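K.L.:
Sharing a structure with you now.
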Amino acid sequence: MVNEEQQPYGQAAQPAFPAGAGPHPGRRGVDWMFGGVYGTVLASALLAALHQKGESFTPYYDASWVLVTAATAGLAHGYSHHMASHLRDSPVHRWRLLGVALWNEWPLIVAALPTVLLLVAAGLFGWDAYAVTAVGLGLNTALLFAWGALVALRVGHRLGAALAIGMADATIGLAIIVANAVIK
2 MVNEEQQPYG QAAQPAFPAG AGPHPGRRGV DWMFGGVYGT VLASALLAAL
52 HQKGESFTPY YDASWVLVTA ATAGLAHGYS HHMASHLRDS PVHRWRLLGV
102 ALWNEWPLIV AALPTVLLLV AAGLFGWDAY AVTAVGLGLN TALLFAWGAL
152 VALRVGHRLG AALAIGMADA TIGLAIIVAN AVIK
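Counting from 2, one number per residue, gives the positions in the sequence shown under our numbering.
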């Protein structure tokens with residue numbers, strides 16, 4: 002491999018990128034899992050915050066806010082990725098890159114769907130707000146564990162390390178559960 006000193010004056014060696022990656026920030030094979038963790042944490046925080054003791058439980062309203070907030074966060078996150086890597090390019094190319102950046106945020110929105118579906122089911126079956134919140138936070142904590150462990154296995158960690166990483170991710174969910182109990 003040629004190093005920087007061996008390149009003609011003013012030309013740096015081009016870095017080697019993994020297959021499918023380019024010189025610009027992009028999506029690697031496991032980056033979609035980032036959206037899963039982010040969306041699950043967002044849905045948990047919203048679930049914990051939306052219903053207050055003494056207020057009437059509005060599961061459909063809460064489900065719509067979880068979905069709208071996840072979609073808005075996905076749009077904001079994709080747009081900020083696009084702007085952070087904004088290149089001087091043709092307008093058509095920039096718009097195409099913006100579309101790709103926004104599309105790449107779909108996992109964030111999908112990760113919020115278990116919470117949305119739980120809230121819709123709560124509205125359909127008349128479930129208690131406290132039970133729905135407890136089940137939702139427990140479910141999302143389990144999903145955080147799964148996201149962490151799967152990501153770790155996917156990038157090559159051994160099973161023991163992957164389970165430890167899953168527990169670290171689940172700790173975020175546990176922190177939301179504790180905060181919900183303390184704040185309410």
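Just so it is clear, CB atoms sit at the ideal spot from N, CA and C, and this is done for glycine as well.
Because the structure is a prediction, the values reported are computed rather than measured.
#1: Thinking C-alpha only, which one of Arg155, Pro92 and Leu48 is nearest Ala132?
#2: Looking at the structure shown, is His94 part of a helix, part of a strand, or coil, going by DSSP?
#3: I believe Leu120 touches Ala64 by the beta-carbon criterion, under 8 Å. Please report the beta-carbon distance rounded to the nearest angstrom.
#4: Near Gly37, which residues of its chain fall below 6 Å by C-beta distance, leaving aside the five closest residues on each side in sequence?
#5: Is it true that the region 95-104 meets the region 160-178, where meeting means three or more beta-carbon pairs spaced less than 8 Å apart?
#6: Measuring CB to CB, does Leu51 end up less than 9 Å from Trp66?
#7: Take Thr70 as the anchor and find which of Arg97, Gly55, Thr41 and Ser81 has the nearest alpha-carbon.
#8: With H, G and I counted as helix, E and B as strand and the rest as coil, what does DSSP make of Asp129?
#9: In whole angstroms, what is the alpha-carbon distance linking Ala143 and Ala130?
#10: Taking Cβ positions only, does Val183 come closer than 9 Å to chain C?
#11: Work out the CA separation of Val136 and Thr116 for me, nearest whole Å.
#12: What does the alpha-carbon distance come out to for the pair Ala153 and Leu98?
#13: Rounded to the nearest angstrom, how far is the Cβ of Ala171 from that of Leu138, given a contact under 8 Å?
#14: Beta-carbon separation of Ile110 and Leu68 under 9 Å?
#15: Does His82 come out as helix, strand or coil in the three-state DSSP assignment?
P.N.:
In brief:
#1: Numbered from its first residue, the sequence shown carries residue 132 at position 131. Across the set Arg155, Pro92 and Leu48, the C-alpha of Leu48 shows the shortest separation from the C-alpha of Ala132.
#2: Residue mapping note: residue 94 aligns to position 93 of the sequence shown, counting from 1. Residue state, collapsed to three classes: helix.
#3: On the sequence shown, residue 120 is found 119 positions in, with the first residue counted as 1. On the sequence shown, residue 64 is found 63 positions in, with the first residue counted as 1. Confirmed, about 4 Å.
#4: By 1-based counting over the sequence shown, the position of residue 37 is 36. For Gly37, where only same-chain residues beyond five positions count, the Cβ hits under 6 Å are Pro108, Ala112 and Trp148.
#5: Too few Cβ pairs lie closer than 8 Å, so no.
#6: Position 50 of the sequence shown, counting from 1, holds the residue named residue 51. Position 65 of the sequence shown, counting from 1, holds the residue named residue 66. Yes, the Cβ-Cβ distance between Leu51 and Trp66 is below 9 Å.
#7: Position 69 of the sequence shown, counting from 1, holds the residue named residue 70. Selected option, being the one with the closest Cα: Thr41.
#8: Position 128 of the sequence shown holds residue 129. It is coil, neither helix nor strand.
#9: Taking the first residue of the sequence shown as 1, we reach residue 143 at position 142. Taking the first residue of the sequence shown as 1, we reach residue 130 at position 129. Ala143 and Ala130: Cα-Cα distance of roughly 20 Å.
#10: Of the protein chains in this structure there is only one, and it is not chain C.
#11: By 1-based counting over the sequence shown, the position of residue 116 is 115. By 1-based counting over the sequence shown, the position of residue 136 is 135. Thr116 and Val136: Cα-Cα distance of roughly 10 Å.
#12: For the purposes of this step, residue 153 is taken as residue 152 along the sequence shown, with counting starting at 1. For the purposes of this step, residue 98 is taken as residue 97 along the sequence shown, with counting starting at 1. Their Cα atoms are separated by approximately 29 Å.
#13: Your numbering for residue 171 matches position 170 in the sequence shown. Your numbering for residue 138 matches position 137 in the sequence shown. At roughly 11 Å, the Cβ-Cβ gap does not stay under 8 Å, so Ala171 and Leu138 are not in contact.
#14: In the sequence shown, counting from the first residue as 1, residue 110 sits at position 109. In the sequence shown, counting from the first residue as 1, residue 68 sits at position 67. In contact: Ile110 and Leu68 (Cβ atoms closer than 9 Å).
#15: Your numbering for residue 82 matches position 81 in the sequence shown. Looking at His82 - three-state DSSP - the assignment turns out to be helix.
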